[in-house]
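In what follows, a single structure is set out as structure tokens and then discussed.
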Amino acid sequence: MDLSYGQETEDYRKEVKTFLTANWPLAGDEAKMPREDGARLFRERAISEGYLCRNIPKQYGGSEQSADALRGQVIREEFGKARAPMEPRGIGTMMLVPTLLDRGEEWQKEKFVGPTIRGEINWCQGYSEPGSGSDLASLMTKGELDGDDWVINGQKIWTSGAQRADYMFCLVRTEPDEKKHAGISYLLIDMKTKGIDVRPLRQMTGSSEFNEVFLNDVRTPKDWIVGKRGEGWLVSRTTLKHERNSIGNAAQSLGLLSGLVSLAKSRKIDGQPAIEDPGVRRELVRIEGYIRAHQYSGFLQTSKGLKDENAGIIAMMNKLNSTNIGHKVAHLAMEILGDDGLGAPLAAGLGTGTAGSSTANWLSQYMGSLGIAIAGGTANVQRNVIAERGLGLPRDMAANRSK
Amino acid sequence: MDFDLSDEQRLLQETVAQFIDNECPPARLRELFDDEVGYDPVLWKGLAELGLAGIHLPGEYGGSELEILDLAVVAETLGSLAAPVPYLSHSLASLAISLAGNADQQGRWLPGLASGDALATVALAEEDAGWLPEAWKMAAGETITGTKEIVEFGEHADLFVVGLAGGRFGVVERNASGVEIQRVEGADRTRRIARVNFENTPIEMLNEGGDEVAARVRDVGLVLISADAFGGATKLVEMSVEYAKNREQFGVTIGHFQALKHQLANMAVEIEPTRALYWYAAHALDHVPEESERVAAIAKSHITERYQQVARDATEAHGGIGFTWEGDTQIWFKRAMFDRVFMGTPRVHQNRAAELADW
Numbered sequence: 104m105d106l107s108y109g110q111e112t113e114d115y116r117k118e119v120k121t122f123l124t125a126n127w128p129l130a131g132d133e134a135k136m137p138r139e140d141g142a143r144l145f146r147e148r149a150i151s152e153g154y155l156c157r158n159i160p161k162q163y164g165g166s167e168q169s170a171d172a173l174r175g176q177v178i179r180e181e182f183g184k185a186r187a188p189m190e191p192r193g194i195g196t197m198m199l200v201p202t203l204l205d206r207g208e209e210w211q212k213e214k215f216v217g218p219t220i221r222g223e224i225n226w227c228q229g230y231s232e233p234g235s236g237s238d239l240a241s242l243m244t245k246g247e248l249d250g251d252d253w254v255i256n257g258q259k260i261w262t263s264g265a266q267r268a269d270y271m272f273c274l275v276r277t278e279p280d281e282k283k284h285a286g287i288s289y290l291l292i293d294m295k296t297k298g299i300d301v302r303p304l305r306q307m308t309g310s311s312e313f314n315e316v317f318l319n320d321v322r323t324p325k326d327w328i329v330g331k332r333g334e335g336w337l338v339s340r341t342t343l344k345h346e347r348n349s350i351g352n353a354a355q356s357l358g359l360l361s362g363l364v365s366l367a368k369s370r371k372i373d374g375q376p377a378i379e380d381p382g383v384r385r386e387l388v389r390i391e392g393y394i395r396a397h398q399y400s401g402f403l404q405t406s407k408g409l410k411d412e413n414a415g416i417i418a419m420m421n422k423l424n425s426t427n428i429g430h431k432v433a434h435l436a437m438e439i440l441g442d443d444g445l446g447a448p449l450a451a452g453l454g455t456g457t458a459g460s461s462t463a464n465w466l467s468q469y470m471g472s473l474g475i476a477i478a479g480g481t482a483n484v485q486r487n488v489i490a491e492r493g494l495g496l497p498r499d500m501a502a503n504r505s506k
Numbered sequence: 013m014d015f016d017l018s019d020e021q022r023l024l025q026e027t028v029a030q031f032i033d034n035e036c037p038p039a040r041l042r043e044l045f046d047d048e049v050g051y052d053p054v055l056w057k058g059l060a061e062l063g064l065a066g067i068h069l070p071g072e073y074g075g076s077e078l079e080i081l082d083l084a085v086v087a088e089t090l091g092s093l094a095a096p097v098p099y100l101s102h103s104l105a106s107l108a109i110s111l112a113g114n115a116d117q118q119g120r121w122l123p124g125l126a127s128g129d130a131l132a133t134v135a136l137a138e139e140d141a142g143w144l145p146e147a148w149k150m151a152a153g154e155t156i157t158g159t160k161e162i163v164e165f166g167e168h169a170d171l172f173v174v175g176l177a178g179g180r181f182g183v184v185e186r187n188a189s190g191v192e193i194q195r196v197e198g199a200d201r202t203r204r205i206a207r208v209n210f211e212n213t214p215i216e217m218l219n220e221g222g223d224e225v226a227a228r229v230r231d232v233g234l235v236l237i238s239a240d241a242f243g244g245a246t247k248l249v250e251m252s253v254e255y256a257k258n259r260e261q262f263g264v265t266i267g268h269f270q271a272l273k274h275q276l277a278n279m280a281v282e283i284e285p286t287r288a289l290y291w292y293a294a295h296a297l298d299h300v301p302e303e304s305e306r307v308a309a310i311a312k313s314h315i316t317e318r319y320q321q322v323a324r325d326a327t328e329a330h331g332g333i334g335f336t337w338e339g340d341t342q343i344w345f346k347r348a349m350f351d352r353v354f355m356g357t358p359r360v361h362q363n364r365a366a367e368l369a370d371w
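Going line by line, the protein sequences match chains A and B.
The first sequence begins at 104 in the numbering used here and counts up one residue at a time.
The second sequence begins at 13 in the numbering used here and counts up one residue at a time.
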């Protein structure tokens, strides 16, 4: 057992640090640039040194480095410490770009990959529909060829960032006579096209991050399809060999724990500092037990990845572990907040005067942790996956019948 | 980075599992479980001949000089098979002698302990003082007087390593004067316990190694129990999944029903991540000294709590049979009770972990 990154990787860390010292934050006139422009300039330099967009070929604007999970981790650590910009976040870089690189036509890669990874264009994901959540493959949004265009009609929902997106990648039923999964195609749509109506949904926290998107005779060119007709389901499940980020899985949970400790130190229960309450202390340790188990399981998964070995069932548990930890943190935070646990969350915009306060942040986390439990496959769907693929129990009867 | 077991460590686990499968298969385990005495010296001697009694001991006394992680991976396998052997306390007793004994004492006791010719155990807990070294009240000296509780395989041990006031250790031989051993009926019949009374009993103090010895013995104990708990809980998940794949109701195996599938998934999610937690805690004892004490406390409290919950869920998942004496889940259920209590309940170590974090 060896927890070090090795000499070669530590040498690499020095290179990364030297680069960061010289390049971030921007100096001189460059420091006066608007924030986004400055970040873009920095990213260009980081890409040319091979620190960002490492798995993307040079011809599409990436730095085309060979996969090295430890180097990837060192970059995340050092960029994190320096608060330097990483790749633009978002569903475009995370999901569309790997999919295009693997399954896209040459012109599609040339047109979309570079601007997406440079943060020049934003994407949204048109998957879920009102009647198709966990059973996504039952989706009904219809696409029909009319001359050189697809004509799309239907409704998408839970579409994060649709109000800001330039394009949507979208699952559409184009082969109504085929079986469920085989009738779906993966289409790209320009969000400025006539017939698209984006209506924000207000979340229980009060903010609006996701939307309903109504598609009414929306036209997109015939060749804006990724993969062949009827291959959309498979295309949407494409994943490239990423530099896996298992080590970082628990980073967010560790941040929550340290926030919780600060909260317990700053608040009182029955006139005494909350951190001295025996129930609070033990629950903090209990939560830390879950987080450490999750964190070290990340070490294990990274190590397995480095050896090209399968990590097994633990790899199916990452999302549920984070979710469970988020719930426990939320409960303890509310316990510590006492009667202030009746306040409005940060994003509610109700003018309670608590905006920006630590209390309101925790109230947001109390609700937001539920959003995390639901988004990207609910906790119950995760349990199905663990039971069926991990433990080898029989497939869900209803899911079998609907094939 | 290679946070994984080595091929040698895997082989060690396989060897132990194979030996237990052959020498203590389920029918034999059941026999020992139901037996009045519940200790099989031949089984233990066989394990010792594989080198398990001296994994961590110096080579010159017949040990293998391996790390705490090696000791722990064996504890995992023994825990998963509910092996009714005195591995835990024997390892801790010989560890204490190897750390705190002088050359003469080590030369006198360790060879027999490494070969399995002699069995040692630790006598730590006191009725009002509990398990932690700083709380032991029994006074050190040329003789000792007082009572130690929950002494694992106390009826069968040749040597007692006794925890004394000031976090010190001394060794009492079984046939010393004033030693009275009372059998205690504990829930876990794979690890028998006794109460040991000492009345002006001659003791040989272990004076080397300084204040760190008792803390080291405590932390190694916490990690070995964590490993045992992980192994046992994982076995219960496997048994429950197996049962769900075979038991039929309404014309299908009950593993088809989502309510049970989710219960089984939750059990797996509770315990599977703790594999890496016990590994890290064991690894830290040899390689990350600044973290090892606190991580051992977190691991012990966390994993034994998870074991307890998984054992309750596994019993429920087995339906009526899970509640019978004939059913096997109760064997592990009761090992979970042992792991929870031995060397301090979760509450004790959660409080320590909070204290150690300066909260």
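All C-beta atoms, glycine included, are put in the ideal place defined by N, C-alpha and C.
Check: Does DSSP put Ser288/A in a helix, a strand or coil?
Finding: strand
Next item on the list: Pick helix, strand or coil for Pro324/A, following the three-state DSSP scheme.
Entry: Here Pro324/A sits in strand by DSSP.
Note to self: Let me check one thing: in DSSP terms, what residues is Asn256/A bridge-paired to?
What the structure shows: According to DSSP, Asn256/A bridges with Lys245/A.
Notebook entry, point to check: Could you give the C-beta distance for Thr246/B and Ala94/B, rounded to a whole number, given that I count them as a contact under 8 Å?
Noted result: Thr246/B to Ala94/B, Cβ: 12 Å. No contact.
Check: How about Met136/A: is its C-beta nearer than 8 Å to some C-beta of chain B?
Finding: Chain B, which has no Cβ nearer than 8 Å to the Cβ of Met136/A, makes this no.
Note to self: 8 Å is my cut-off, CB to CB: does Asn413/A come that close to chain B?
What the structure shows: no
Check: Given Pro233/A, which residues of its chain have a CB within under 7 Å of its CB, disregarding the five upstream and five downstream residues?
Finding: Gln258, Ile260
Checklist line | 7 Å Cβ cut-off: residues of chain A touching Gly267/B | finding: Leu496, Pro497
Next item on the list: State the Cα-Cα distance for the pair Asp300/A and Arg276/A, rounded to the nearest angstrom.
Entry: C-alpha of Asp300/A to C-alpha of Arg276/A: approximately 20 Å in a straight line.
Check: Quick one: is Tyr163/A near chain B, going by C-beta distance under 8 Å?
Finding: no
Next item on the list: Mind checking which residues open and close the beta strand (DSSP E) that includes Glu185/B?
Entry: 180-185
Margin query: I need the DSSP call for Glu278/A, collapsed to helix, strand or coil.
Written below: coil
Notebook entry, point to check: In chain order, which alpha helix (DSSP H) runs of at least 4 residues are fully inside the stretch 131-166 of chain A?
Noted result: 138-151
Margin query: For Asn319/A and Gly298/A, which I take to be in contact (beta-carbon distance under 8 Å), what is that distance rounded to the nearest angstrom?
Written below: 4 Å
Notebook entry, point to check: When Cβ atoms are compared, which residues of the stretch 299-321 of chain B fall closer than 9 Å to chain A?
Noted result: His299, Val300, Val307, Ala309, Ile310, Ala311, Ser313, His314, Ile315, Glu317, Arg318
Next item on the list: Could you please give me the residues that DSSP links to Gly91/B through a beta bridge?
Entry: Partner(s): none; Gly91/B has no beta bridge.
Next item on the list: Determine whether the Cβ of Phe15/B lies closer than 8 Å to any Cβ atom of chain A.
Entry: yes
Item checked: Where the stretch 273-295 of chain A meets chain B: residues whose CB sits under 8 Å from a CB there -> none
Margin query: Comparing C-alpha positions only, which one of Asp240/B, Lys160/B, Ala199/B sits nearest to Ala311/B?
Written below: Asp240/B
Check: For the stretch 99-180 of chain B, which segments carrying the beta strand (DSSP E) assignment without a break, of at least 3 residues, lie completely within its bounds, in sequence order?
Finding: The beta strand (DSSP E) runs of length 3 or more contained entirely in the stretch 99-180 of chain B are, from start to end of the chain, 132-135, 155-164, 171-176.
Notebook entry, point to check: When Cβ atoms are compared, which residues of the stretch 64-82 of chain B fall closer than 8 Å to chain A?
Noted result: Only those residues of the stretch 64-82 of chain B whose C-beta falls short of 8 Å from the nearest C-beta of chain A are listed: Leu81.
Item checked: Cβ-Cβ separation, Gly243/B to Gly142/B (assumed contact under 8 Å), whole Å -> Your pair Gly142/B and Gly243/B does not check out as a contact, with CB atoms roughly 26 Å apart and the cut at 8 Å.
Notebook entry, point to check: Excluding the five sequence neighbours on either side, which residues of its own chain have a C-beta within less than 6 Å of the C-beta of Ile378/A, listed in chain order?
Noted result: Ala367, Lys368
Check: What in chain A is Cβ-close to Tyr255/B, meaning under 9 Å?
Finding: The premise fails here: Tyr255/B is roughly 11 Å from chain A at the closest Cβ pair, so nothing lies under 9 Å.
Next item on the list: Classify Lys149/B as buried or exposed, calling it buried when 16 or more other Cβ atoms lie within 10 Å of its own Cβ.
Entry: exposed
Note to self: Is there a Cβ of chain B sitting closer than 8 Å to that of Leu453/A, yes or no?
What the structure shows: Reliability fails at Leu453/A, whose pLDDT of 46 lies under 50, so the model's placement of it is uncertain and the value that follows must be treated cautiously. Chain B places no beta carbon closer than 8 Å to that of Leu453/A, leaving this residue out of the contacts.
Notebook entry, point to check: Listing by chain order, which chain B residues have their CB less than 7 Å from the CB of Glu391/A?
Noted result: Correct list: Ile310.
Check: Using the beta-carbon count (16 or more within 10 Å), is Gly493/A buried or exposed?
Finding: buried
Note to self: What does the alpha-carbon distance come out to for the pair Tyr163/A and Asp252/A?
What the structure shows: 26 Å
Notebook entry, point to check: Do you know whose CA, among Pro201/A, Arg174/A, Cys227/A, Glu491/A, lies nearest Phe269/B's CA?
Noted result: Closest by alpha carbon: Glu491/A.
Next item on the list: Have a look at Met307/A and Gly480/A and give me their C-alpha separation to the nearest angstrom.
Entry: 19 Å
Check: According to DSSP, which residues form a beta bridge with Ile372/A?
Finding: When beta bridges are read from the DSSP output, Ile372/A appears opposite Gln375/A.
Notebook entry, point to check: What three-state label does DSSP hand Leu218/B in the structure shown?
Noted result: Leu218/B: strand per DSSP, three-state reduction.
Next item on the list: Name, going along the chain, the residues of the stretch 416-438 of chain A whose beta-carbon falls closer than 8 Å to a beta-carbon of chain B.
Entry: Ile416, Ile417, Met420, Leu423, Asn424, Asn427
Check: Which residues in the same chain have their Cβ closer than 8 Å to the Cβ of Ile390/A, if we skip the five residues on either side of it in sequence?
Finding: Result list for Ile390/A: Leu360, Leu363, Ile428, Lys431, Val432, Leu435, in chain order.
Next item on the list: Would you tell me roughly how many angstroms separate the C-alpha atoms of Ile315/B and Asn225/A, rounded to the nearest one?
Entry: Computed Cα separation, rounded: 44 Å.
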